[in-house]
Amino acid sequence: MEKKRYKGFTCRVCGEHSYEEKTVSNGIRGPGGASWTDYYFCTDCSTMFKDVTKFSTTLLERTKEANAKTREDDNRLIEARVFAQYGLNDKARELLLKINTKDKDLLQEVEELKRKIEAKNG
Ligand SMILES: [Zn+2]
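Reminder that position 85 of the sequence shown reads as 103 in my numbering, one-by-one numbering, no gaps.
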């Protein structure tokens, strides 16, 4: 079993970039001996797969996922604002805690809303 790397491979399950190949041999040594790939597996989460290129996520898919997450966080911020407006600060805080974005603009708005909520409490 040898460790292989595939440039551009990203595990669909855990995001790891390396995988290993599990080979099977027909048990014959010397002439007549042969081995072939039985399956591949991710070196991190050990999920098995047969086709490396099909199992790998593409950059486009990862971008789509990231965008979907940002949209979810956007919606949480909007909901949190509504809760804060009606004085439901605990509910607003709960939503803000779930926001886990790397989007700087969004983070700034989250911080602003947090400050507003804390100012009201004090
Ligand atoms: Zn994995």
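Don't be surprised by glycine CBs; every beta carbon is placed ideally from N, CA and C.
In this text, all values refer to a predicted model and were calculated from it rather than measured experimentally.
For residue i, name the three-state secondary structure that DSSP assigns.
i: residue 34; result: coil
i: residue 122; result: helix
i: residue 88; result: helix
i: residue 116; result: helix
i: residue 40; result: strand
Any heavy atom of ligand 1 closer than 6 Å to the Cβ of residue i?
i: residue 70; result: no
7 Å is my cut-off, CB to CB: does residue i come that close to chain C?
i: residue 112; result: Of the protein chains in this structure there is only one, and it is not chain C.
Relative to the C-alpha of residue i, which residue among the options is closest?
i: residue 125; options: 43, 89, 40; result: 89
i: residue 66; options: 38, 46, 86; result: 38
i: residue 54; options: 80, 61, 44, 48; result: 44
i: residue 14; options: 105, 40, 71, 50; result: Residue 14 lies beyond the stretch modelled for the chain, which goes from 19 to 140, so this question has no answer here.
i: residue 33; options: 79, 50, 40; result: 79
i: residue 25; options: 76, 56, 51, 102; result: 76
i: residue 42; options: 57, 48, 28; result: 57
query: Taking a cut-off of 5 Å, which residues have a beta-carbon closer than that to any heavy atom of ligand 1, in chain order?
result: Answer in sequence order: 29, 31, 32, 34, 60, 62, 63.
- request: May I have a chain-ordered list of the alpha helix (DSSP H) segments no shorter than 4 residues that lie completely inside the segment 43-113?
  value: Complete alpha helix (DSSP H) runs here, min 4: 70-73, 77-103.
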